[in-house]
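Take a look at the structure set out below.
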């Protein structure tokens, strides 16, 4: 049988053209209407591919849910200073290069900075053509949404475990990452259970009374400007409670508050914890040597310890979970001796950042976890 190429070639050309026009099926899940944690309702018209965050807590959740590759800009504490997502040293040197390079394509520290604590560049945001902006407060949300022309979703935790999980669920919902959000919340529940299964067996009469200087003691007893001082505490720090400690400030005013030195002396804690973010900012020696504090049991017995800084333009969920294990081992070393602290730290940071070994490098930099952990 002879093939007539005169007719075959036009037929082949037709088939190529026909195959190139495959039908495009609409995504029935869009547009989607969602409500943010400020009670605002927004409409998502299409799958989200480009994200701007304006604070580290939202950046961390975007990365933890597997959408770090969609970040196109963020705030200065996520990207440049403070190391609120990936750890950073006191001289702005990156710690764990694999973290900085692994959580977003091209490196987290190469993302454009579209806001600081005091300024927000809405024109730059618009030029980056995001599909959504995640903000931590509704203060400017409507203004930004109107000016930039994309939905603004407000989400931030209230820093309790339930608040963190609610935050994760909300961000997962708006990004279409509901399954990932559920898995992350299950991981958090599992980590808390590892500690509370042990701490719940400690009789109330045997629990240690703890004062936590949640802003450190870099400035001594009191610092009116930044609150980086010994008298600043928090009455509801859940990692401490989960670890089996009795927070002596539990009946103080809500949130981060300053209390009088006389009150701390009257509380007479068994243990004092001092938040520390770099090897240089330890206030432990200051507290141990302060004449005013020598009557406190923790000072007399030398039970004053550095611990991980619980704040970083928000509350870093991964480091606060690590604090839970760390405080538990400080307070009750025998009861928690079978928990491998470094392994738990690496597992937690990998869950949030997707990079293994981050915590090992971080604790080596800080130094105190290697000397205080058991």
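Residue numbers (the UniProt record's numbering): 1 to 374. Quick reminder that beta carbons are idealized off the backbone N, C-alpha and C, glycines included.
I'd like to check one pair, residue j with residue i: are the Cβ atoms closer than 9 Å?
i: residue 182; j: residue 172; result: yes
i: residue 99; j: residue 355; result: yes
i: residue 369; j: residue 176; result: no
i: residue 174; j: residue 187; result: no
i: residue 287; j: residue 304; result: yes
i: residue 264; j: residue 296; result: yes
i: residue 321; j: residue 203; result: no
i: residue 132; j: residue 63; result: no
i: residue 325; j: residue 275; result: no
i: residue 232; j: residue 82; result: no
i: residue 249; j: residue 328; result: no
i: residue 148; j: residue 122; result: yes
i: residue 113; j: residue 144; result: no
i: residue 301; j: residue 261; result: no
Take the Cβ of residue i as the centre, count every other Cβ of all protein chains shown within 10 Å, and call the residue buried at 16 or more, exposed below.
i: residue 332; result: buried
i: residue 277; result: buried
i: residue 90; result: exposed
i: residue 30; result: exposed
i: residue 22; result: In this prediction, residue 22 has a pLDDT of 49, which is less than 50 and means its spatial position is unreliable; what the coordinates show is noted afterwards. By the neighbour-count rule (16 or more Cβ atoms within 10 Å), residue 22 is not buried but exposed.
i: residue 254; result: exposed
i: residue 375; result: Shown here, the chain extends from 1 to 374; a query on residue 375 therefore has no answer.
i: residue 269; result: buried
i: residue 309; result: buried
i: residue 344; result: buried
i: residue 25; result: Note that residue 25 scores a pLDDT of 45, beneath 50, so its modelled location is shaky and nothing firm can be said.
i: residue 157; result: buried
i: residue 455; result: The displayed coordinates of the chain run from 1 to 374. Any statement about residue 455 would go beyond what the structure contains.
i: residue 283; result: buried
i: residue 225; result: exposed
With H, G and I counted as helix, E and B as strand and the rest as coil, what does DSSP make of residue i?
i: residue 322; result: helix
i: residue 25; result: In this prediction, residue 25 scores a pLDDT of 45, lower than 50, which makes its location untrustworthy; no coordinate-derived value is stated.
i: residue 305; result: strand
i: residue 234; result: strand
i: residue 218; result: coil
i: residue 296; result: coil
i: residue 288; result: helix
i: residue 314; result: coil
i: residue 30; result: coil
i: residue 212; result: strand
i: residue 370; result: helix
i: residue 257; result: strand
i: residue 346; result: helix
i: residue 277; result: coil
i: residue 196; result: helix
i: residue 104; result: coil
i: residue 355; result: coil
i: residue 202; result: coil
i: residue 272; result: strand
i: residue 339; result: coil
i: residue 44; result: strand
Below 8 Å on the Cβ atoms is my contact criterion, and I expect residue i with residue j to pass it. Report the Cβ-Cβ distance as a whole number of Å.
i: residue 72; j: residue 130; result: 6 Å
i: residue 168; j: residue 61; result: 6 Å
Just to confirm the assignment: which complete beta strand (DSSP E) runs, minimum length 3, are found wholly within the segment 50 to 97?
51 to 53 and 71 to 75
Runs of 4 residues minimum, wholly inside the segment 108 to 185: which ones carry the alpha helix (DSSP H) assignment?
122 to 127, 141 to 148 and 161 to 175
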